[in-house]
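Residue 134 in numbering that gives the first Met the number 0 sits at position 135 of the sequence shown, with consecutive numbering throughout. Yeah, the Cβ is synthetic: ideal placement off N, Cα and C, and Gly gets one too. One structure is given below, encoded as structure tokens.
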Amino acid sequence: MPSDSTKRFSDRVDNYIKFRPGYPPEVLAFLKQECKLNAESVIADVGAGTGIFTKLLLDEGYKVYAVEPNQPMRDAAVDQLSAYKTFTPVDGTAETTTLPAKSIDLIVCAQAFHWFNDAKTKVEFNQILKDKGKAALIWNSRLTDVDEFARAYEALLKHDGIDYNKVNHRKVRDIDFKAFFKDGIYTLTKYANTQIFDEAGLIGRAYSSSYVPKEDTPEGEKFLILLKDIFNRYNVDGKVSFVYETEIYLGEV
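Right, here's the structure in full:
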């Protein structure tokens, strides 16, 4: 398992693209309204990964810099999004985006901020944001206690994941949002989000996570047996659901 967070997903790109959750349309509407976005707005998607959230922004017509240090993930984003004229991939990190000073209207970090160094990221974001520009820190937080399947899957991750308890989104609740946002002021907005999987989809979703052992290892083979057992016990008409709350922390930096 790579200790460098920028390399954790290098060998999981295909599953990441296919099986990671998207975002409810309400998220885009919320950002447009709260950040007064328009056709001229310039957005930095920092920690853009394979471009899941980037694509939503591009579909709205915004100019988007997709900042991503992991080359396989960045390459995947380019493969999917290069046809968009307002898309610019950037080899950079949250702490060193390489973007020009005072050039960005909105920064979004979708499913990424927990990997960043908060203090260094705050300095960098202050550099690249225009006056009154904002940052939106967004997570799809999987609800782990909504039903028997969710509880069983969570128990499997805790017992047979590689370092799940250590890296489980650095526990979003442990992030000092008041220290990160200007004057400690931010809003938290939540929307419901759900994924429905058959068995193959559940397996792909599991292996898209960096804390699940690789498929071609003894640990991965054991994990797969246990995962299939959970699916067989709890599926309804051949389907199981991942239930999320999409959380948006929004404020000036």
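N-terminal and C-terminal residue of the beta strand (DSSP E) that residue i is part of
i	result
L249	V239 to G250
A65	K62 to V66
F259	Nothing about residue 259 can be read from this structure; the chain reaches only from 0 to 252.
DSSP bridge partner residues for residue i (one or two, in chain order)
i	result
S140	E244
D44	A65 and V107
L128	I103
V145	DSSP, once it has assigned bridges, lists no residue as partnering V145.
K133	L105
V235	K238
Rounded separation between residue i and residue j - CA only
i	j	result
R169	K121	Note on R169: pLDDT 49, under 50, position unreliable in the model; the coordinate value appears next. The alpha-carbon atoms of R169 and K121 are separated by roughly 17 Å.
I229	E153	11 Å
I195	E220	23 Å
D197	P99	45 Å
F241	I174	24 Å
E39	V66	19 Å
S2	E94	With a pLDDT of 42 at S2, under the threshold of 50, the predicted position of this residue should be treated as unreliable, though the coordinate-derived value follows. Roughly 18 Å between the two C-alpha positions.
E147	Y233	7 Å
K31	K165	35 Å
Q126	T188	26 Å
K101	K177	23 Å
L225	T97	44 Å
D236	K119	48 Å
T216	L128	44 Å
L156	A199	18 Å
F112	S81	25 Å
P20	G91	24 Å
T53	Y15	14 Å
K131	P212	43 Å
E123	F115	11 Å
A43	K227	39 Å
K84	N37	16 Å
Boundaries of the alpha helix (DSSP H) in which residue i is found, first to last residue
i	result
L196	Sequence check: residue 196 is Phe here, not Leu. First-last for F196: T186 to F196, but that is the beta strand (DSSP E), not the alpha helix (DSSP H).
Y15	V12 to F18
I51	I51 to D58
E94	Note, E94: premise wrong, no alpha helix (DSSP H); not H, not E.
F176	F176 to F179
P24	P24 to E33
V77	Q70 to L80
Whole-Å CB distance - residue i paired with residue j, under 8 Å assumed
i	j	result
T186	Y243	Between Y243 and T186 the Cβ distance is about 19 Å, and since that is not below 8 Å, they are no contact.
I137	V41	At roughly 18 Å, the Cβ-Cβ gap does not stay under 8 Å, so I137 and V41 are not in contact.
E218	Y206	With a Cβ gap of about 12 Å, E218 and Y206 do not count as contacting.
A47	A76	6 Å
L57	L27	With a Cβ gap of about 11 Å, L57 and L27 do not count as contacting.
Y248	P23	At roughly 16 Å, the Cβ-Cβ gap does not stay under 8 Å, so Y248 and P23 are not in contact.
F29	G203	Rounded, the Cβ-Cβ distance is 29 Å, inconsistent with contact.
Proximity below 8 Å, CB of residue i to CB of residue j
i	j	result
N139	Q110	yes
K133	E246	no
Y210	D144	no
Q79	G60	no
D117	F180	no
I106	V63	no
P71	V12	yes
D159	F86	no
Y135	L142	The sequence given here places Ala at residue 135; Tyr does not occur at that position. Contact flag unset, no.
L201	V239	yes
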